[in-house]
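Reading through the structure tokens given below for one structure.
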Amino acid sequence: MQDVKKFLKNELKAHFSPEEVSSLIRLILEKEFSIPLADILACKFNHLSDAAVQKLSEIVDKVKSGEPIQYILGETDFFGLSFFLNRSVLIPRPETEELVQWVIDSTNNASAKILDIGTGSGCIAVTLAKKLPHAEIHAWDISPAALEVARKNAERNG
């Protein structure tokens, strides 16, 4: 296979801005193939196995068809933490990180009681539990599938 980054750039440049292409390359190589960011930046990873090349092609096809990279990879970063997700929950937005920061900045840690209704991935409740360890936090959702994702994320981010 040609240079992996060159391949990805050529495949994605017609569909995304240069900034988005760079971000997608980093996410795909770092999250799916466990290539350290330093190696990505220094281009120290040009050989991929045949199975990895096949997986890379599948990911590129999904990205080009408009599927969000977070669903393809099955995870996203939120407030410096890694969260599992799937189509049963929404992808956390940057504005949600701003909301979490506002809650942290505005909350008296010792006496806080927080209810996250419609918790989805649990990113709000889990992050607040880590940042406000003395707060009482409850996470509710009507969807059993979403609650399972939130449970996994609570375990993952302990």
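For the numbering used here, count along the sequence shown from 1 and bump the result up by 11. Virtual Cβ for every residue (Gly too), placed ideally from N, Cα, C.
What would DSSP say about residue i, mapped onto helix, strand or coil?
i                : result
serine 60        : coil
methionine 12    : Because the pLDDT at methionine 12 is just 46, under 50, the model does not fix this residue reliably, and the point stays unresolved.
threonine 138    : helix
aspartate 152    : coil
phenylalanine 18 : helix
Could you tell me the distance, in whole angstroms, from the CA atom of residue i to the CA atom of residue j?
i              : j              : result
threonine 118  : isoleucine 125 : 10 Å
methionine 12  : histidine 58   : Since pLDDT at methionine 12 reaches only 46, below the 50 mark, its modelled position is unreliable, and the value read off the structure follows with that caveat. In a straight line, the C-alpha of methionine 12 is about 8 Å away from that of histidine 58.
glutamate 159  : glutamate 109  : 25 Å
isoleucine 148 : lysine 142     : 11 Å
leucine 84     : leucine 96     : 9 Å
Quick check on this structure: which residue in the options has the alpha carbon closest to the alpha carbon of residue i?
i             : options                         : result
leucine 52    : Leu96, Ser33, Leu67 and Gly91   : Ser33
glutamate 41  : Ser28, Phe56 and Glu31          : Phe56
isoleucine 70 : Trp113, Phe18, Leu48 and Pro47  : Phe18
lysine 163    : Ser76, Pro47, Cys134 and Ile153 : Cys134
alanine 144   : Cys54, Asn168 and Glu106        : Note that residue 144 is proline in the sequence shown, not alanine. Among Cys54, Asn168 and Glu106, the Cα nearest to that of proline 144 belongs to Asn168.
Could you name the residues that DSSP lists as bridge partners for residue i?
i             : result
glutamate 109 : Paired residue(s): none; glutamate 109 is not in a bridge.
lysine 124    : Glu147
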